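Heads up: the sequence shown runs through residues 1125 to 1163, numbered per the numbering used here.
Using N, Cα and C, we set each Cβ at its ideal position, and we do this for glycine too.
Quick caveat: nothing in here was measured; it's all calculated off a predicted structure.
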Amino acid sequence: MSDARYETLKLETPMAGVLVVTLSRPEVRNAINTRMGEE
């Protein structure tokens, strides 16, 4: 995984072979916007 920083996503690797992607825009109830789509 790259060292990219995301404004609207949180990435976690709890174990080998698993990637957890969490939407992180609580101020708008995690509504998807253009930025999130690009990330």
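Can you tell me whether residue i is buried or exposed, with buried defined as 16 or more other CB within 10 angstroms of its CB?
i, result
"T1132", "buried"
Looking only at its chain, what residues have a beta carbon closer than 6 Å to the beta carbon of residue i, apart from the 5 residues adjacent to it on each side?
i, result
"Y1130", "E1163"
"E1136", "V1144"
DSSP has residue i in a bridge; who is on the other side?
i, result
"V1144", "E1136"
With 8 Å set as the bound, which would you pick, yes or no: does the beta-carbon of residue i sit closer than that to a beta-carbon of chain D?
i, result
"R1159", "In the structure shown, chain D does not exist; there is a single protein chain."
I'd like the list of long-range same chain contacts for residue i, defined as Cβ closer than 8 Å, with 5 residues on each side in sequence excluded.
i, result
"N1154", "L1147, S1148"
"M1160", "T1132, L1133, L1147, R1149"
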